[in-house]
Amino acid sequence: MMKAFESTNLPFLREDCKQEFADPMGTRIYGRAEELYHELVARADDKGNPAIAEHLRGKLFPAMAYYKALLAEGIPQSDALAAVRRETQKAALIKKESSAQMARIPFAFLLYRMGVKSHMSKNFPAEGWETEWVSNSGKEIHFNLHRCLYWDSCRQHGCPELCTVYCENDTTAFSGLLPKIRFERSGTLGEGAACCDFHFLNGKYAARD
0 MMKAFESTNL
10 PFLREDCKQE
20 FADPMGTRIY
30 GRAEELYHEL
40 VARADDKGNP
50 AIAEHLRGKL
60 FPAMAYYKAL
70 LAEGIPQSDA
80 LAAVRRETQK
90 AALIKKESSA
100 QMARIPFAFL
110 LYRMGVKSHM
120 SKNFPAEGWE
130 TEWVSNSGKE
140 IHFNLHRCLY
150 WDSCRQHGCP
160 ELCTVYCEND
170 TTAFSGLLPK
180 IRFERSGTLG
190 EGAACCDFHF
200 LNGKYAARD
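Each residue of the sequence shown is one higher than the one before, counting from 0 in numbering that gives the first Met the number 0.
Listed below in structure tokens is the structure:
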């Protein structure tokens, strides 16, 4: 069986499990996470969409499998969520560096604005997300997500509390766009809000902290 996490956003999970939990516990947790990951992938419905498949296999199921493995080991929910958050935030920091590279490009906001709709259509398709476009101006890009693959999947698999861990990754990853582009959001579906409101503000106009 191929190693579950090596081609996902958590390729470091095996070593981190060994460091966080003394053996044989760490090895046992990782092994169970691998089993759960393969089970999730085998039952997954990617709706025939490669972007959905990539989200499920590469980003959503790795953290979910790890979380369920921790719970199966008897680790309290709050501690399990904290452990998963440590892993996903490592992945988000890698994404932050990618965002920072983009922000160093001249006219970063203009380029972001020009490409955001096609990016969303390709990478966050209607099969998994319901996107309402509110504004795409020189000052702000604003869209609301009324349905989200991550929120739907967490509920479907009996762990709605896990969704906020994925939500937090956005804040970390998009912070790399500063100061040219400021990301703001007042709430998410996973936090109980009516929608996930994404705001990308042109740093030329956004108020500075």
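The C-beta atom is built at its ideal place from N, Cα and C for all residues, glycine as well. Because the structure is a prediction, the values reported are computed rather than measured.
Bridge partners - Leu188, DSSP secondary structure assignment: Taking the first residue of the sequence shown as position 1, residue 188 is located at position 189. According to DSSP, Leu188 bridges with nothing at all.
So for Ile28, helix, strand or coil by DSSP? Within the sequence shown, numbered from 1, the residue matching residue 28 stands at position 29. Reduced to three states, the DSSP call for Ile28 is helix.
Nearest-angstrom Cα separation, counted from Leu35 out to Arg42: Residue numbering aside, residue 42 sits at position 43 when the sequence shown is read from its first letter. Residue numbering aside, residue 35 sits at position 36 when the sequence shown is read from its first letter. Rounded to whole angstroms, Arg42 and Leu35 show a C-alpha spacing of 11 Å.
Nearest-angstrom Cα separation, counted from Gly114 out to Asn135: Counting from 1 along the sequence shown, the entry for residue 135 is found at position 136. Counting from 1 along the sequence shown, the entry for residue 114 is found at position 115. Looking at the backbone, the Cα of Asn135 and that of Gly114 are separated by about 11 Å.
His54 (DSSP reduced to helix, strand or coil): Counting from 1 along the sequence shown, the entry for residue 54 is found at position 55. DSSP places His54 within a helical segment (H, G or I) once states are collapsed to three.
Taking just the CA atoms, how far does Met24 sit from Cys195? The residue labelled residue 195 in the question sits at position 196 within the sequence shown. The residue labelled residue 24 in the question sits at position 25 within the sequence shown. Taking the straight line from one Cα to the other gives about 37 Å.
For Thr7 and Pro61, believed in contact at Cβ under 8 Å, the rounded distance: For this step, residue 61 is matched to residue 62 along the sequence shown. For this step, residue 7 is matched to residue 8 along the sequence shown. Right, the Cβ-Cβ distance comes to about 4 Å (below 8 Å), so this counts as a contact.
Residues of its chain near Ala107, where Cβ-Cβ distance is below 8 Å and the 5 sequence neighbours each way are ignored: Counting from one through the sequence shown, the residue named residue 107 turns up at place 108. If the five residues before and after Ala107 are omitted, its C-beta is found closer than 8 Å to the C-beta atoms of Met101, Leu176, Lys179, Ile180, all from its own chain and listed in chain order.
Could you compute how far the alpha carbon of Ala64 sits from the alpha carbon of Glu183? Working through the sequence shown from its first residue, we reach residue 64 at position 65. Working through the sequence shown from its first residue, we reach residue 183 at position 184. Straight across, the Cα-Cα distance linking Ala64 with Glu183 is about 29 Å.
Please state whether DSSP places His37 in a helix, a strand or coil. In the sequence shown, residue 37 corresponds to position 38, counting from 1. Three-state result, His37: helix.
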